[in-house]
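The number in this note's numbering is simply the position in the sequence shown, starting from 1, with 49 added.
For every residue, glycine included, the Cβ atom is placed at its ideal position computed from N, Cα and C.
These notes concern the structure reproduced below.
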Amino acid sequence: MFSLWGSFAFAQQQRRYPVDPQTKWAVGANQKPADELKSQLSAGTDVMIIDVRNPASFQRETIPSAINIPYAELEERLKTMPKDKLLVFT
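In structure tokens:
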């Protein structure tokens with residue numbers, strides 16, 4: 050059985066951005082229901098969908114128009130993300 054907990058705990062120690070101690074999410078991150086995201090996409094909101102799984106999983110199945118940035122690369126790549134788009138992580 051594969052466990053994500055070890056990787057998650059290690060990632061928590063390596064982060065260089067503030068994390069909410071209760072949710073364990075980056076400060077400012079919000080969870081949205083899928084139907085709300087769908088409405089925003091239909092309304093033309095400028096959204097960048099980022100799939101943080103490994104490339105093999107991304108190749109098998111993903112949300113249309115999503116880009117793949119594996120979780121291990123995410124922190125470094127966030128520095129180059131556009132500031133004027135809604136970033137959605139899946």
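Query raised in the report: Under the rule that 16 or more other beta-carbon atoms within 10 Å means buried, what is D84, buried or exposed?
Result: exposed
Report task. Using a threshold of 8 angstroms, state whether the C-beta atoms of D95 and I112 are closer than that. Result -> no
Query - Cutoff 7 angstroms; reference Y120; Cβ partners in own chain excluding five residues on either side - result: V101
Query raised in the report: Which residues share a DSSP beta bridge with V101?
Result: DSSP lists no partner for V101.
Report task. Tell me where the alpha helix (DSSP H) around A78 begins and ends. Result -> Note, A78: premise wrong, no alpha helix (DSSP H); not H, not E.
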